[in-house]
Every structure is written in structure tokens, then in C-alpha cells.
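*Asks:* Count along the sequence shown from 1, add 37, and you get the number used in the numbering used here.
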Amino acid sequence: MPTTLDLHIRPGKENGFQLEVFERGNSQPLANLVFGYDLSYMTEFEISRLDTVRKDPYERLERLTAFGGKLYKTLFAPEIEKIWKDYKEKSDFLTLCIRIAREADGLEILPWETLYDGEEFLAAGAKTSLTRLPLDIHPQEELPELPLPLKMLALMSSPLDLNEHERLAIEQEQEILLRATNSTAGQGRLHVEFEDEAKLPIIENSLESGYQIFHYSGHGIDPKSGGGLLLEDAQGKKRPTSVADFLQTLQKGEKEFRLAVFSGCQTARTLNVAGFHDLARRLARRKVPAVIAMQFSITDNAGLLFAEAFYPRLVEGQALDMAMSASRRVLLHSDEPYIQADTFAPVLILSNDRPLKTKVAEAPPTATQVGIDFKVYLPLPKPSCFYGRRKEYRAIRDSLLYKNHRAVIVHGIGGIGKTALISHVATRLKEHFKGVYAFDCRAGTLAPDIILLELHRFLERQGNQVLLRLMHQSFPPEQLAVFMSQVLSQIPLLVIFDNFEAQLSHHNGVHEITDENLRVFLRTLMQTTAQGSRFVFTSRYLFEVDERRVGTIRHIPLEDLNRPEALGLLQNLPHLASAPFDDKLRAYATFGGHPYALVTLDRHCSRKTLADALEDAKTVQAELREFLAIEMTYSNLSERSGTLLNRLAAFRKPVGLDATHWVMGERIELPTDFLQQLDREKMPEEMQSMSDDELLRFFQGYLPEQRRAEGLDKLVEELIGWGLLTPIEEDGEASLLSIHSLVRQFCRDKLDRTLWNGYLQDAAGYYTNQSKILSRDQKSVKIVLDEIEASELLMESDEFEKAASIIVEVAELLNRWGLGRFGESLHRRILPKVKKETQSVLIHNLGNFLQARGDYESALKQYEKSLKIKEELGNRAGVARSLHQIGMIHQDRGDYQEALKQYEKSLKIAEELGDRAGVARSLHQIGMIHEARGDYQEALKQYEISLKIAEELGDRAGVARSLHQIGMIHEARGDYQEALKQYEISLKIAEELGDRGVVALSLNQIGQVYYLRGDYESALQQYEISLKIAEELGDRAGVATSLHQIGMIHQDRGDYQEALKQYEISLKIAEELGNRANVARSLHQIGMIHQDRGDYQEALKQYEISLKIKEELGDRAGVASSRGQIGLLFRETNRFPEAFENLFTALRIFLEIGSPDAGIAINNLRTLRAKWGVESFDSAWREKTGGDVPDWLKE
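Here is the structure:
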């Protein structure tokens, strides 16, 4: 069995030393000796001559041998030599451990590893080895086994201001280690990572990952100057680092260390290698079980040979002293004298001979349910292994966490590893944020509305609805960004925009964000989010978020992996790891350091050896190097697999497995017995008369198309096996298939343009087919976004008209859901690429988006522009629609006369064209004009006709709108029960349709009924729900209406201050929207507050402004209300003639329009008659009417 003999050396008398020999584990000494050794300057000089001698390596080897022989004779007196030989004979393996007391540590300078017994060197014997362990450090007990793979951090230090012959060739150093560890890495037993910035903060942060092996290559500091290492300062120049400072830096990771290696430069003359000694001993005292420090410089070839021999033995579990001896023997038996002399450079300080004992990793326990981390949404491809990019990772980390950069833009060519790097960053940094959210910018047009919507959903899943108040508000992009920055400053998120090049366009030699709204939004967001959240973009192209190039945004270019990084990646890929190192060098020479190319090559090697793959590569021609591996793999596909790949490559985002059947399959015809499942009697009359064949053809075209292909599973498996398809799993099963953008680009470039366009159009059909029979009201946000993705594919295939038809179709839903700015971006992007007729429709929709958010002036310009194009084209139906919308703008502004004029023009055209839906719309709006003017009878007539048409057309949304307005007529006439009935029916339909705008209107009016009945609590509840929906939809007019109604409740309760607050907010919104009717209403109520407070002069001022607006608008009911209120004010201030004039006018108008408020006007006149006096009142009445006061007024 292996045995260790410990040589304890302590100071003796005078200048001598005392030696005791122990068998480890036995406290009784086997022998002792007193010896002397001169540690004078001459001894140091003699030892210095043992270091590397370039001119004559033979002479160096001779000096080393002579020194070792002399040292052996000094220690190994006959008694001790006999013990050594006896133990050597009876032991399987014998280790001599030199253990020197602190008081005698001057002896540490001696190269004990040169001990030579005349036949062999003890440190490199066939059955012997030599280690060291200071006497004050106790041998360690058996350590816990480590799971594979072991992790090594290799630190390389080469300050920029060293002399040329002293500089470390870092890449060569790294390559030596990679070659040395190639076999162990290939077995999955050792993972090597490099750090080439030897700066203390960087070293400290690097150690957070936990490494069992720490390897340093570089220079030391002269022990006379305190010892230590020569590291780098912030500028990369020399930074002498004391042992104490370096040990402080290692504190984060040293508890994980099982082995630390300090090596002199292998490619340069090492400075002060003796400076490693004290550091090595102090690490050992800090319980690092094994430390190797070079006592001499070591040449390249020797370093490589030593590492190649040492690390495989180490990782295989061999005892460290045995591994060290075997590795030294490899050097000693070399044919090169330089290498032979380097045998004695490594010093091993060892307190446990098996510090890196490993175990087979246990399989993780099977979980019954996979936990979901709702704080991280990272739908980006996650590499099976991530290697390299330490410098770039560190730059991103430091920028986001320590240097207060608000955003980082990572840019580089396709497949260079941007997404992999950012996934790695997000995984490593997620604990520094409240959440991580990544947008894949390839899918559809990115817009501020979509960013808000997705982040709101993300936070909502965590129970945080802080962004809800911003939802559907249709804020200008700059304002929305400011509001969002306030939230994101308080809730720190890491927000990632991956593949952002999809949002860029190239102009004047630079790449810019295409969409103006998105550009303004992101620029403002970056400027205003000073703390908390941080942003990361990846893009193929360099671009600026802020044209001013503010210093808070950092650009990080991503280039090819350097040679050591590329070789390191190859060592960590599943199929290439075990390849010979020289083949890996050939792979690098062929494919370079392009990560995607190397990963694709690895997948190719799942079926072939690397050597064979490299032979294949010689016959493949590819325009781009990164396409070489794809081309090589593509050429191995079966014809059908290649076709499937080409067709799937048309998709820009992951798709379901059913997409494979869509692109490859034949249409499944409906079976004949399909008709037996139908009841012909319930079909429309024209369908009942069809033959079976005609009916089948009808349903074949009407229903979503189904396709089926045989044998696709094997094709998909083949493409996944080659790495050309990536499965995305959910609950352990592949549910989606994804294609890398580089593969997509490869297929696109390889195919004929006409064929590729056909594939794009077929892919678009996959999305539109799924929603084929859904009505507009049945579509969800996801379905609409899929349809928009179809439009994107159609645009790529130059089918702009078809793309525009989809965008036009979804416009109303986007408006309804408060995603108007997103819709606006879609419309503006395709507008220049379509025919004038289509342009007129798109421009009309732009008007709708602008009108919905209250920008009436801009909306009117769009409608008029659209109208002009339609008139030029002779599109009378389009003209009618534009006139209708222009009328609505005038109505919203309170210009009822002009609105009525536009509606009547639109109505006339719709009637001439037989457009019944258009007729219903115009009649509905004409009814609203009559209602606003107080002509309830005429309004009701128009609503009922409109309702009837909507019912006949099956237009449920139109039915809901008409019922709502009919309810308002009943409310105005005082029939609250009937009004409530109509509102509730309208509300139910709107809820079923998901039309939240109509839901808000109905709730508001239901609240109004409760208010008029005096049930303020119920009224307030309805108003507040309505207000919340209006805020979420961005319906500012609806917000103003609800605030106005809430103000009335506070006023009736006597809380004038709160009432005034609500009215003033409502007034401000109405003024901003140009809604004169609502301005008049708010002014009227503000006047009532002043009147109730006794400020009659201010009250009269507000009433008169309100009255003037109502008269200009032709709002008869409003005029009557203002006249009545002015009359009450005059009555209270004893201005009876003016009071009579205004109250009489109010009564007359109320009676003419059939308003229930006529009763209130009668009571007000009765009170005036009593207060003014019967004689004065009756005289005024006779003068006004020519008759006596009626009896009903005298009661």
C-alpha cells in the first residue's frame, strides 16, 4: 500500500538543524539526525544557477543532478537511508514529505525536488515521489467527493508595459492548457475556463462561479520585496500585488479550491518565480489541500508535456503525489535536455493526497411538477453549453450593475452568439433584478403598446398590477415612456430586446429604428430610467437608440471567438469534445471562431467523425464561412428532409408541430358523410337548394383547411438530429419547432426567389387558416398577433396588397383593445407600398386611431386625405365612410350642424348603393344629433330604424349601440325603468362581444339612472367601474364623462371641494379633446358649485360661457338647463324679471322637446311667483304669452 514518510526539520543548536523521520500516522520517530546547512549568499547564488540556461541545457541538468546528490548526502545518513530503502522495498508507492518548521523556513528555498540517490531522483522515482508540507499545517482528513465535471479557472497575467521578452503569449498559454486537458474534457471530466484580465476585481467576480482548480500563469514578485504576483491595474499595466492582497481577493472562491497551481510563464522569462513560494504556503495554511508552485521557469514544450501527463491522471482520481511523480518522469525521460531539466520546476505542497476524488453525479430526483419561475421570461434559445465570452460578459455585467449604463447594445453578424451570450447574462444576473423579460423582436412589429402590454402581463403574473393604470391609455410614446420609466425605476427589471435588427432600416449609411413611435419611446425610456431597470439589445447591426450618443448606453461588438475560446468551445460540445486536439485545430482553421458554425459542425459529427467531416468540408463551397457547416449538413439531407427544412424556414418564429403537415401535406377532403351531420332545414334558403356536391364544395372552401402528410416524424427527427431544427419543450415534450435565423437566411439565399416567395405565402396561410371562420368579435389578442405575423410574411414576399388587407381587418380590434399606436405603426409601414385605393383605406384607419385617442384635428386631416383619394377613384362607398367619420369628428367637437350635414351626405350615398350597414350607421349618428339637440322623438325614430337594420344584418355590436341610445332617450324622458332595461341588454351584448368601450358606456348610463333615482352609492360604484375601463382603453372622453358624473355625486353630497376637483379634471380633458359639449357641461357644474357656495358672480360667469357654447352647438336641452340655472341664480339674488325670463325660456324648450325636466321648470316658476308676488309674476306672464297664467302653474 502507499506510504508517506515525513521528514520533520526544526532549528538545532547554533546554525544546525534537527531532522526526525516519521511514518505518517505514527507519532514515534523512526530516526533522527542533526545536520548543518549554510544558507549564505553563496547558497542563494548556487540555487539561482539551477534555473533555466538557454545556452547549455546539458550543463544545467548536470548542476541539478549534482546539487540533488549533495543534498541527499546531507540528509540521508546511513540510518535514515536504510529506513528509506526499507520502506521503498515494502511499499507499493513511497512519498517523501519535506516538513519544515516556521523557525527554519529559510530551508524552503532549497530545491528539495532535486534529491538524487545516485540512481534516481526521489521526486520522480518509479515508485517514489516528493511533496512538501510546512510543519505547522496538519495533514487533512479524507475530503468529500466532488461531482463531475471538475471546473478549472486559468488566470493569465501579462501586463501591457512588460518588456517584449517578458510578455506572456496568452493565447498560446491557453492553447497549451487546452491541449493538455483535451482528453479529460472530452470525457466530460474537466471544464476549463480562461480569464485573461488579471485585475483584482475581475478575479474576485470570476470566482463566484466556484472552481475546484485554480491555475495561474504569470510573473511573481521578488521575496525581498515582499513576494506576491505581478497582476494588472485598471489600464492593464503592471500592478505588484502582495500576498495579503491576493489572498483577500481569493476569499470568495478559495473554500472551493482543492488545487491551486502557480506557474512561471512558459513562453517568456519568468520574473521572480520565487515570489510564488510564500503565497503557496499561505494558501496551504488556509486549508487549500494541494498547491503547486513553480520554483523555476518552465519551457513551452515542458509545460505542455507536464500538463498533458498531470491533469488526466489527476482527474481520473490518481493520488496527487503519484500523479506528480508520473508527470515528472514524463519530462525526465524526454529526449530533449531542456525538458529533462524542467522536471524539478514544480513544487507540490500537499495536505491531502486525493483532493480531487470524484463521484458519479446522482440523477436529479424526479419531480412530480416542474416549478415555474414567474420572475424570468426568457423565450430565447438556450445553448446546451456556453463557453467563452468572459470579457464580453464582464463588460455587460459591469455596465449594468456597476457603471450605471442604462442600456447595452450587443452587435455582431448572424450566428456569432449574441442570443446565447444574453441568455447567459440573464441567467447569471437575474438575482440582481426583480425579473427578466425578453422580447424576440423578429415576431411582428414592435410598438410601445406591445411593450407595455407584455410587461404588464409579466408583472401581473407575479401579482403586481402597477402597470395596469397605463394600459390602453393611448399616450403619446414620449409620455408613455416617462410613465413607464417611473415604474421601472421602482421595480428593477432586466429587459432584453433580442434580434432588434428586425426593427431597423438602412438610411444614408446608418441603421435606424424604422418606426417613429418606437424610436421616440425607446429614446425617452433610456433617458428617463435613471435607476432600477436596465435594457439590453442584440442586433446584427450597430444602431443608436439616442442620436446624441449619450454616455449611458454602451455598445459591445461581438466578433469571432479567439482561437483558445473556439478550441475551448469544441472541448465542451457533446460530439466534438472527444476528438483529437489536432483535428480540433483543423476544424478551427476551416470554420474559424464562428460559434454557430462550430455548433452546427458538432451536430454534423453526431453521425460522422470530425476527421470525416473535415474531409467533407473540402468539397463544399459556401459564400459565407458561417454557412459552410450548414451547407455541409444540408448536403447530407434526404430530398424530402431538405424540402421540409426549406418550407419551415419561411417561418420567422417558432411554430407548432402541425406546421409540418401544413407545409408538406395534401389537403384533406371532407368526407361525404359530413353532410349527414348537418340539418339542412336550419341552413339559409340558398344553401338548402344546393346539391350534395355543391354543398361539400362550399364547406370545403368555408371551413379551415386541413392537411396531412405521412412520415414526417422521422424527417423532423432527422432535422433535429442534424441541428437544423430546434425543438422547444413544454412539460417535457416538444411542442414548438424553431429555426435559427442563420439557417433561415441560408435557405432563403439558396432557393429561387419565386419559390421562396411561394413558401412565405404558404406560411402566411398557416396563420390565417387558423382564424378563417372566426368573427371579429371571437378573435383573441394571440390570434390577431398571428394574423399580423402572416402580414409580415406576405410583405416579405412582396404581396403588399394581401398584407394590407390583413392589417385593415385587425385595425378595429386593435383600436378596441387600446393598441391603436401599434396599429398605427403597422399602417404607416405598409402605406407607401400599396395601390392608391388601398392607401385610402389605410389612411382612413389612421384617422380612426387618431380619433380614438382624442386627436381630432389630426384625425380630420387623415379622413379628408382619404376622402380626396376615394373621390378621385370614384369609390362612393369609401366616400360615404369618410364622410361619416368626418361627421363624427364634428359631433365630438359639438358642431352638430356640420356633423348632421356630413351624416346626411353619407346616408344618401349608402342608400343609393344599397349599403344597409352604412345606412344603419348614419341613421344612428343622425339620431344622436337629434338627441343632443333635445328632439327625442326624432332621435328615437332614427335609433329604431337603425336597430331594425342591425338585427336583420346580425350586427350585434350595432344592436348594442342602438339599444344604448334608446335607453338614453327613455332616461331623458324620465322613464328610468325602461332606460335601465335597454342599458342592461346592451351591456350584456357588449360583454359577450368583448367590446369594453360599449361596456363602459352602458355602466356609466346605468350609474346615471341610479343617480337620478337618488341611489348615490350604486351610482358611484357603476361610475368607478366605467372610469376604470375607460382609463384602461385610453378613452379620454369616457374618462371625462365618468369624472363628471362622480363630481355630481360629490356635489349632491355637499363635498364641493372634491366635486370641483373632478369637474376641473373633466373640463381639462374635454378642452384638450376639443369636445365643446363636455366643456359646456363641466362649466355648468362648476357654476353650480360657486352658486352653492354663494359666489353668484363667478357662477353666472360659468353659466353664461356654458350657455353660449350650447347655443352655438344647437344643444336645446343644454340651453334649457343653463337658462333654468341662471333663472334660479337671479331668483336667489332677487333679480326677479331676469329670473322670470330665463325660467320661462327653459320651460318652453323642455316642453317642446318633451323633456321630463319640464316639471322641474314648472316648480321653479311657481316658487318665483310666490317670491316675486302674484301680481308682478302674472303681469309678466300675460306680457310674454298674451294670456292668463294657467291653473297648473298656480297650484
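Just so you know, even glycine gets a beta-carbon here, dropped at the ideal spot from N, CA and C.
1) Given I433, which residues of its chain have a CB within under 6 Å of its CB, disregarding the five upstream and five downstream residues?
2) Helix, strand or coil for Y153 per DSSP?
3) Taking Y95 and Y153 to be in contact with their CB atoms under 8 Å, please state how far apart those CB atoms are, rounded to whole angstroms.
4) Tell me the DSSP secondary structure of Y253 in three-state form.
5) Return the Cβ separation of I946 and R913 in integer angstroms, given the expectation that the two are a contact with Cβ distance under 8 Å.
6) Just checking, does the segment 695-709 make contact with the segment 792-808 on the three C-beta pairs under 8 Å criterion?
7) Am I right that D358 and D390 are in contact with their C-beta atoms under 8 Å? What's the rounded C-beta distance?
8) Nearest by alpha-carbon distance to H1247: which of R1118, Q1128, A917 is it?
9) Here's a check: name, in chain order, each residue in its chain whose Cβ is nearer than 6 Å to the Cβ of E51, leaving out the five neighbours to either side.
10) Between the C-alpha atoms of P176 and L167, what's the straight-line distance to the nearest angstrom?
11) Using 8 Å as the threshold, is the segment 667-682 in touch with the segment 714-733, meaning 3 or more CB pairs across them?
12) Give me the residue from E1069, Y1053, L1057, N1041 with the minimum Cα distance to T1078.
13) For R865 and Q272, I'd like the C-alpha separation in whole angstroms.
14) Would you give the residue range spanned by the alpha helix (DSSP H) that S364 belongs to?
15) Please state whether DSSP places R571 in a helix, a strand or coil.
16) If you run the structure through DSSP and keep just helix, strand and coil, what is F54?
17) Going by Cα to Cα distance, which pick from L712, E909, D1152 is closest to M727?
18) Leaving out five residues before and five after T637 in sequence, what residues of the same chain have Cβ atoms less than 7 Å from its Cβ?
19) Assign S903 to one of two classes, buried (16 or more other C-beta atoms within 10 Å of its C-beta) or exposed (fewer than that).
20) Counting contacts by CB-CB distance shorter than 8 Å, is P601 in contact with chain D?
21) Comparing alpha-carbon positions, which option in L984, R1050, R1033 lies nearest Q1019?
22) How far does the beta strand (DSSP E) with D535 in it reach, from first residue to last?
23) Per the contact definition of three or more C-beta pairs closer than 8 Å, is the segment 479-494 in contact with the segment 849-869?
24) Alpha carbon to alpha carbon, what distance is there between S877 and E25?
25) Of all the options R323, L227, L133, which has the alpha carbon lying nearest to the alpha carbon of L185?
26) Tell me, please, whether the segment 329-343 touches the segment 371-383 by the rule of three or more beta-carbon pairs shorter than 8 Å.
27) Only counting the same chain, and skipping five residues up and downstream in sequence, which positions put a Cβ closer than 7 Å to that of D43?
28) So what does DSSP say about N1112, is it helix, strand or coil?
29) Express the C-alpha separation of S526 and F520 in angstroms, rounding to a whole number.
30) Identify the continuous alpha helix (DSSP H) that holds S243 and give its terminal residues.
31) Would you mind listing the beta strand (DSSP E) stretches within the segment 1064-1132 that are 3+ residues and don't spill past its ends, in chain order?
32) Would you mind sorting L56 into buried or exposed? The rule is 16 or more other CB atoms within 10 Å of its CB.
33) Measure the alpha-carbon distance for R1168 versus P1227 and round it to whole angstroms.
34) Measure the alpha-carbon distance for F347 versus D129 and round it to whole angstroms.
35) Give the C-beta separation of R686 and V557 to the nearest angstrom, bearing in mind that I take them to be a contact with Cβ-Cβ under 8 Å.
36) Just the Cα atoms here: how many angstroms apart are S300 and L244?
*Replies:* Reading off the structure:
1) V445, V462
2) strand
3) Actually they do not touch by this definition, with Cβ atoms about 16 Å apart.
4) strand
5) 5 Å
6) yes
7) 5 Å
8) The structure shown does not extend to residue 1247, since the chain is modelled only from 38 to 1232, so the question has no answer here.
9) none
10) 15 Å
11) no
12) N1041
13) 49 Å
14) 357-369
15) strand
16) strand
17) L712
18) A666, I667, T670, G760
19) buried
20) In the structure shown, chain D cannot be found, because there is only a single protein chain.
21) L984
22) 530-535
23) yes
24) Since the first residue shown for the chain is 38 and the last is 1232, residue 25 is missing from the structure and cannot be characterised.
25) L227
26) yes
27) F59, R61, C134, R136
28) coil
29) 10 Å
30) 237-243
31) none
32) buried
33) 21 Å
34) 20 Å
35) For clarity, residue 686 is Ala in the given sequence; the question names Arg instead. With a Cβ gap of about 34 Å, A686 and V557 do not count as contacting.
36) 19 Å
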